[in-house]
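Visitor: FYI, in the numbering used here the residues of the sequence shown are 91 to 335.
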Amino acid sequence: MEFLQPNGRSESSTMVEEKKQSRTITEDSKAKPSVRSVRVPALQGLAIKNAGITITDHNGKIIYEDFGELLFTHFGVSGPVILSASSHISKIKNNILHIDLKPALSEETLDKRLQKEFKENSNKNFQNILKHLLPSKMLPVFIILSQISAEKKAHQISRKERMRIIELMKDFSIKLDKLRPIKEAIITSGGVDVKEINPKTMESKIVPGLYFAGEIIDVDAYTGGFNLQIAWSTGFCAGQSCAEK
């Protein structure tokens, strides 16, 4: 986990002093918390490693698109791909999360795959065939949304029903509610402007002898260890430069 400060970004004495010295301080404007959505208790704990996501606003305009691991939780959705997406959402208002459960397959290819499955397993129940295509924890919810009986035989499924299955697999939609509290964020934006810091030493260009490292600097990255690396690298650089001076 990358919780660097338990309460998000607290205003340290150094940052207060920087403001007094007329530094350019970018206020905390973004964070990377999880997102609260319409709850789906049946999916709690389900992790989807390869999910394509698209977030749209109330007008259907695309706000963010990405690919990665997604996790369903007791409050909504989380996981690396959601944490990265959350920094692009300043305010949630009727936003929709569209999840592509088969991002590597086009609708046409997926249709051919379904037809093949149905043909080879023509006497099997719809529910049993889905076990080869989706995580078992998702089956009950998916079947309800598909409006196809779990006991329906594969050879009885119509083209219209097959198109509905494809639509759900390529666009499993969930209405988002709001971002989780900033205290739960793994990283925040804002801090001392990098233009006022010597990148070779991390020393302030305005106050000699003052060094910066980590989250107090206005720089942040996506999840995956990058923010920890920023903290370690800038901390090492600042410490070494300070010791040598």
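Note that the Cβ used here is the ideal one computed from N, Cα and C, for glycine as well.
Just reading off the alpha helix (DSSP H) that residue 329 is part of, what are its end residues?
Guide: 316 to 334
Visitor: So, is residue 167 buried or exposed, given that buried needs 16 or more other C-beta atoms within 10 angstroms?
Guide: buried
Visitor: As a quick exercise: from 335, 334 and 306, pick the residue whose alpha carbon is nearest that of residue 324.
Guide: 306
Visitor: So what does DSSP say about residue 282, is it helix, strand or coil?
Guide: strand
Visitor: Compute the beta-carbon to beta-carbon distance between residue 142 and residue 193, rounded to the nearest angstrom, for a pair I have assumed lies under 8 Å.
Guide: 3 Å
Visitor: What's the gap between the Cα of residue 319 and the Cα of residue 224?
Guide: Each residue's alpha carbon lies about 36 Å from the other.
Visitor: Our contact map puts residue 137 next to residue 169 with C-beta atoms below 8 Å; I'd like the distance itself, whole angstroms only.
Guide: 7 Å
Visitor: If you draw a straight line from the C-alpha of residue 153 to the C-alpha of residue 299, how long is it?
Guide: 42 Å
Visitor: Where does residue 201 fall in DSSP's three states?
Guide: helix
Visitor: Tell me the residue span of the alpha helix (DSSP H) that contains residue 232.
Guide: 229 to 236
Visitor: Kindly indicate which residue of 250, 258, 215 and 290 has the alpha-carbon position closest to the one of residue 239.
Guide: 215
Visitor: With a Cβ-Cβ cutoff of 9 Å, do residue 173 and residue 258 count as a contact?
Guide: no
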